[in-house]
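S.K.:
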Amino acid sequence: MLLSTRRRVFEAAFVVMLLNILSKILGLTREQIFAMFFGATGQLDAKVAAERITSAITVLSGPVSTTFLPVLAGYAARGDSEGAKRITSSIVSLSMVLVLAMAALVIIPAPHVVRLLSPGFGEDTLASATLLTRVLLPAMVFPLLSAFGKSVLNTYGRFGIPAFAPSLQNMVIIAAASLFGPVMGVRSLAIGFPLAYLAAFALHIPAWKRSPAWPSFSVRWDESTKKVIFMAVPIILGSICGQLYILANLNLASRLPEGSVAALSLADRLRQFPLGFFAVAVTTVLFPTLSGMWAKGDKEGFRAATVNGIRFVEFVCIPAAVGLMVLAEPIVRLVYQRGAFTPQHTALTAAALTAYAPAIAGMAAQSVTTFVFYSSQETRVPVALSVGTALLNIILDALLSRPLGLVGLALAHSISVTAGSLVGLYLLKRMLSGLALGPLAGSVLRALASSVIMGAGAVLVSRYTGFAAGSGSLVRDALAGGISIAVSGVIYVLASHVFRSEEISMVFGLVKQRLGARFGRDRSES
96 MLLSTRRRVF EAAFVVMLLN ILSKILGLTR EQIFAMFFGA TGQLDAKVAA
146 ERITSAITVL SGPVSTTFLP VLAGYAARGD SEGAKRITSS IVSLSMVLVL
196 AMAALVIIPA PHVVRLLSPG FGEDTLASAT LLTRVLLPAM VFPLLSAFGK
246 SVLNTYGRFG IPAFAPSLQN MVIIAAASLF GPVMGVRSLA IGFPLAYLAA
296 FALHIPAWKR SPAWPSFSVR WDESTKKVIF MAVPIILGSI CGQLYILANL
346 NLASRLPEGS VAALSLADRL RQFPLGFFAV AVTTVLFPTL SGMWAKGDKE
396 GFRAATVNGI RFVEFVCIPA AVGLMVLAEP IVRLVYQRGA FTPQHTALTA
446 AALTAYAPAI AGMAAQSVTT FVFYSSQETR VPVALSVGTA LLNIILDALL
496 SRPLGLVGLA LAHSISVTAG SLVGLYLLKR MLSGLALGPL AGSVLRALAS
546 SVIMGAGAVL VSRYTGFAAG SGSLVRDALA GGISIAVSGV IYVLASHVFR
596 SEEISMVFGL VKQRLGARFG RDRSES
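So the number in the working numbering is just where the residue sits in the sequence shown, counting from 1, plus 95.
#1: Whole angstroms is fine: what's the gap from Leu221's alpha carbon to Val570's?
#2: Is the CB-CB distance between Ile256 and Ala294 below 8 Å?
#3: If you measure between the beta carbons of Ile128 and Gly276, is that distance less than 8 Å?
#4: Determine the contact status of Phe562 and Ala581, defining contact as a CB-CB distance below 8 Å.
#5: Just to confirm, is the Cβ distance from Leu114 to Ala258 under 8 Å?
#6: Would you kindly check if the distance between the Cβ of Ile413 and the Cβ of Ser568 is under 8 Å?
#7: If Ala130 and Tyr431 are in contact, beta carbons under 8 Å, what's the gap, nearest whole angstrom?
#8: Below 8 Å CB to CB, which residues in the same chain sit around Gly280 once its five sequence neighbours on both sides are set aside?
#9: Buried or exposed: Gly529, going by 16 or more other Cβ atoms within 10 Å of its Cβ?
#10: Looking at the structure shown, is Ser246 part of a helix, part of a strand, or coil, going by DSSP?
#11: In terms of alpha-carbon separation, which member of Glu597, Pro289, Gly483 lies closest to Val518?
#12: Given Ile286, which residues of its chain have a CB within under 7 Å of its CB, disregarding the five upstream and five downstream residues?
#13: Below 8 Å between beta carbons: does that hold for Pro534 and Val402?
#14: Based on Cα-Cα distance, which residue from Ala454, Ala446, Thr320, Ser386 lies nearest to Gln367?
#15: With a CB to CB cut of under 7 Å and the five nearest residues on each side skipped, what residues in its chain are close to Ala456?
#16: Using C-beta distances below 7 Å, list every residue in its chain close to Ala445, excluding the 5 sequence neighbours before and after it, in chain order.
#17: Taking DSSP as the reference, what is the three-state secondary structure of Ser311?
#18: Thinking just about the alpha-carbon of each residue, which of Glu218, Ile599, Ala447 is nearest to the one in Gly500?
#19: Which of the three DSSP states is assigned to Gln138 in this structure?
#20: Express the C-alpha separation of Glu395 and Val606 in angstroms, rounding to a whole number.
#21: Three Cβ pairs or more, each shorter than 8 Å: is that satisfied between the stretch 166–180 and the stretch 352–364?
#22: Asp175 by DSSP, collapsed to three states: which one?
#23: Could you round the C-beta distance between Leu167 and Ile182 to whole angstroms and report it? I think they count as a contact, below 8 Å.
#24: If distances are taken between C-alpha atoms only, which option among Lys119, Val247, Gly434 comes closest to Pro261?
#25: Determine the burial state of Gln461: buried for a count of at least 16 other Cβ atoms within 10 Å of its Cβ, exposed for fewer.
#26: Using DSSP with H/G/I as helix, E/B as strand and the rest coil, what is Leu98?
#27: Which stretch, first to last residue, makes up the alpha helix (DSSP H) that contains Asp622?
#28: Just to confirm the assignment: which complete alpha helix (DSSP H) runs, minimum length 4, are found wholly within the stretch 220–270?
#29: Report the option in Arg315, Ala198, Ile116, Val278 whose CA atom is closest to the CA atom of Ser188.
#30: Throw me the rounded Cβ distance for the Val154 and Ile341 pair, which I believe falls under 8 Å.
#31: Take the Cβ of Pro158 as the centre, count every other Cβ of all protein chains shown within 10 Å, and call the residue buried at 16 or more, exposed below.
#32: At a threshold of 7 Å, does Pro329 count as lining the ligand NAP (C-beta to nearest heavy atom)?
#33: Hey, Gly345 and Leu504: beta-carbon distance below 8 Å or not?
#34: Mind pulling the alpha helix (DSSP H) runs of 4 or more residues that sit fully within the stretch 277–311?
#35: Report buried or exposed for Arg595, applying the criterion of at least 16 other Cβ atoms within 10 angstroms of its Cβ.
#36: Pick out whichever of Ala573, Ala590, Ala531 has its Cα sitting closest to the Cα of Ala551.
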């Protein structure tokens with residue numbers, strides 16, 4: 096039974112991972128378009144600032160969408176369609192009103208808010224950031240509705256549409272930036288972002304309407320609604336601290352040389368790649384799976400799925416962190432350096448990426464442990480972790496930004512996230528008695544050893560292919576980079592096999608099983 100669940104989670108995660116790969120490729124293309132048209136300059140600083148300010152209004156609504164899923168999963172596990180529709184209607188209606196009300200409160204004083212949070216910006220950058228902020232504030236209702244649609248569809252075993260929605264969103268943004276960017280500059284995103292958010296939400300509607308939980312605009316203040324709201328309260332407190340960190344980081348980065356905010360954002364986009372490829376895929380599938388197990392009282396399966404989820408994300412994210420550290424500059428050069436993005440911008444972004452990369456493993460573990468707590472309807476512990484991590488980050492930002500500049504801001508994040516993930520694992524062990532952390536520790540150590548070998552190989556191969564130095568030709572550098580990364584991946588797989596990694600054995604076993612089943616069907620049909 097445990098092996099069957101493990102395989103179902105892995106196989107569903109693999110499908111989501113493929114769609115996430117498409118989304119991340121399009122997301123990277125989007126950032127390449129931004130870098131090519133705007134460079135690491137004040138224009139891109141304005142875009143990043145507007146996104147961070149407008150995302151702050153989800154500090155109340157976002158936690159509600161998170162605590163909603165475990166409660167909905169309970170109704171789904173009992174087959175209670177009427178209850179599922181009732182709780183969905185109440186929570187979606189309350190959240191929509193909340194987001195629109197918060198947007199209305201911020202739109203008028205937006206220039207003062209932008210100036211307060213980005214005091215180092217010049218007048219043109221402030222004006223662009225203010226325009227984007229005012230346009231994006233009411234449009235944030237669409238990502239909120241998409242999040243609820245994703246929760247509903249995932250609860251009922253539909254993962255493909257929500258996983259494809261970010262790709263559609265990126266396509267619309269790319270089209271708008273390409274069409275209007277050369278003429279309107281960064282203000283073209285005032286057209287692209289709202290249309291993209293609307294398109295992503297609209298994609299969910301047909302499948303959502305066919306589910307038992309299509310909402311009506313109504314609110315019933317029953318026990319389930321109260322439960323979702325009350326569970327969300329501590330998460331809201333944690334989210335406020337998280338937003339304070341983001342805004343404090345923006346404040347400090349705006350005081351650094353122009354383009355620093357953009358460089359940090361572009362480096363973070365590259366860092367998010369491995370997380371989006373696998374960590375997000377695993378948590379997307381794991382969250383409803385764990386919520387269902389908890390609702391049914393399957394504690395043994397819950398513990399096993401938790402450990403396996405963390406092991407899988409670390410198996411992928413640890414080598415990714417090492418690879419981005421040792422190949423930061425050639426990767427940034429290949430991805431961004433064209434048009435308005437100069438070699439100086441490359442050096443700035445690569446420095447940020449090198450300091451950001453170590454956080455990948457911690458972020459991956461933290462994403463899984465957070466959803467494990469939420470699945471068990473325990474919200475206080477992850478909130479306490481979020482608050483502690485955010486406060487540590489703010490303190491380290493203040494200490495390191497002055498002597499180290501943007502590298503200090505990136506390094507502060509890596510240190511705080513890693514510390515938070517370790518504390519989270521310790522608290523998870525205390526909550527789930529019998530949680531087998533021994534196999535997890537062994538898996539992480541094997542992944543670290545294999546990654547060190549891979550990192551050394553990546554440096555040598557990149558020098559041999561010319562990827563490290565760069566040739567000035569996009570085609571040659573892309574080919575050299577592809578060869579370097581592919582060979583590094585092979586080195587990691589071989590090293591993992593030598594160290595007897597169970598994850599690599601399971602991957603090959605599942606692939607072999609699938610191929611065998613496929614060829615078996617083909618032979619029977621012929």
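From the three backbone atoms N, C-alpha and C, an ideal C-beta is built for every residue, glycine too. Quick caveat, the model's predicted, so the values are computed rather than measured.
M.R.: Taking the definition as stated:
#1: Against the sequence shown, residue 221 aligns to sequence position 126. Against the sequence shown, residue 570 aligns to sequence position 475. Taking the straight line from one Cα to the other gives about 38 Å.
#2: Here residue 256 corresponds to residue number 161 of the sequence shown, with the count starting at 1. Here residue 294 corresponds to residue number 199 of the sequence shown, with the count starting at 1. No, the pair does not count as a contact, with Cβ atoms beyond the cut-off.
#3: Mapped onto the sequence shown, residue 128 falls at position 33. Mapped onto the sequence shown, residue 276 falls at position 181. Yes, these two residues count as a Cβ contact at 8 Å.
#4: Within the sequence shown, numbered from 1, the residue matching residue 562 stands at position 467. Within the sequence shown, numbered from 1, the residue matching residue 581 stands at position 486. Against a cut-off of 8 Å, the Cβ pair of Ala581 and Phe562 comes out as no contact.
#5: The residue you call residue 114 lines up with position 19 of the sequence shown. The residue you call residue 258 lines up with position 163 of the sequence shown. Yes. Within cutoff.
#6: The count along the sequence shown starts at 1 and reaches residue 568 at position 473. The count along the sequence shown starts at 1 and reaches residue 413 at position 318. Cβ atoms of Ser568 and Ile413: not closer than 8 Å.
#7: Position 35 of the sequence shown, counted from the start, is the residue given in the question as residue 130. Position 336 of the sequence shown, counted from the start, is the residue given in the question as residue 431. About 4 Å separates the two Cβ atoms, so the contact holds.
#8: Along the sequence shown, read from residue 1 onward, the residue named residue 280 stands at position 185. Phe132, Phe133, Gln138, Ser223, listed in sequence order.
#9: Taking the first residue of the sequence shown as 1, we reach residue 529 at position 434. Exposed, since its Cβ has fewer than 16 Cβ neighbours within 10 Å.
#10: Along the sequence shown, one-based indexing puts residue 246 at 151. Helix, per DSSP.
#11: For this step, residue 518 is matched to residue 423 along the sequence shown. Ranking Glu597, Pro289, Gly483 by Cα distance to Val518 puts Gly483 first.
#12: Working through the sequence shown from its first residue, we reach residue 286 at position 191. For Ile286, where only same-chain residues beyond five positions count, the Cβ hits under 7 Å are Ala271, Phe275.
#13: Counted from its first residue, the sequence shown places residue 534 at position 439. Counted from its first residue, the sequence shown places residue 402 at position 307. In this structure, Val402 lies closer than 8 Å to Pro534 by Cβ.
#14: Indexing the sequence shown from 1 puts residue 367 at position 272. Cα-wise, what sits closest to Gln367 is Ala454.
#15: Residue 456 sits at position 361 when you count from the first residue of the sequence shown. Result list for Ala456: Glu409, Cys412, Ile413, Ala416, in chain order.
#16: As a working note, residue 445 is residue 350 in the sequence shown. Same-chain partners within the cutoff: Ala423, Glu424, Val427.
#17: Mapped onto the sequence shown, residue 311 falls at position 216. Three-state DSSP puts Ser311 in coil, outside helix and strand.
#18: Reading the sequence shown from its first residue, position 405 is the one you call residue 500. Gly500 has its Cα closest to that of Ala447, out of Glu218, Ile599, Ala447.
#19: As a first step, residue 138 is located in the sequence shown; it is residue number 43 there, counting from the start. Looking at Gln138 - three-state DSSP - the assignment turns out to be helix.
#20: For this step, residue 606 is matched to residue 511 along the sequence shown. For this step, residue 395 is matched to residue 300 along the sequence shown. Note that Val606 scores a pLDDT of 49, beneath 50, so its modelled location is shaky and nothing firm can be said.
#21: no
#22: Start at 1 with the first residue of the sequence shown, and residue 175 comes out as number 80. The answer is coil: DSSP assigns Asp175 none of H, G, I, E or B.
#23: Reading the sequence shown from its first residue, position 72 is the one you call residue 167. Reading the sequence shown from its first residue, position 87 is the one you call residue 182. With a Cβ gap of about 6 Å, Leu167 and Ile182 count as contacting.
#24: Residue numbering aside, residue 261 sits at position 166 when the sequence shown is read from its first letter. If we check each option's Cα against that of Pro261, Lys119 comes out closest.
#25: One-based indexing of the sequence shown puts residue 461 at position 366. Per the 10 Å Cβ criterion, buried.
#26: Here residue 98 refers to the residue found at position 3 when the sequence shown is read from its first residue. No answer about Leu98 holds up, because its pLDDT of 45 lies below 50 and its placement is not dependable.
#27: Since the displayed the chain opens at 96 and closes at 621, residue 622 lies outside it and no answer follows.
#28: 236–250
#29: If you number the sequence shown from 1, residue 188 lands on position 93. Cα-wise, what sits closest to Ser188 is Arg315.
#30: Position 59 of the sequence shown holds residue 154. Position 246 of the sequence shown holds residue 341. Not confirmed; about 10 Å, so no contact.
#31: The residue labelled residue 158 in the question sits at position 63 within the sequence shown. The residue in question, Pro158, is buried, as its Cβ has 16 or more Cβ neighbours within 10 Å.
#32: You won't find the ligand NAP in this model; it holds no ligand whatsoever.
#33: As a first step, residue 345 must be located in the sequence shown, where it is residue number 250. As a first step, residue 504 must be located in the sequence shown, where it is residue number 409. With the sequence shown as reference, residue 345 is identified as Leu, and Gly is not the correct amino acid for it. Contact flag unset, no.
#34: 284–305
#35: Here residue 595 is taken as the residue at index 500 of the sequence shown, counted from 1. Classification for Arg595: exposed.
#36: Start at 1 with the first residue of the sequence shown, and residue 551 comes out as number 456. The shortest Cα separation from Ala551 among Ala573, Ala590, Ala531 belongs to Ala590.
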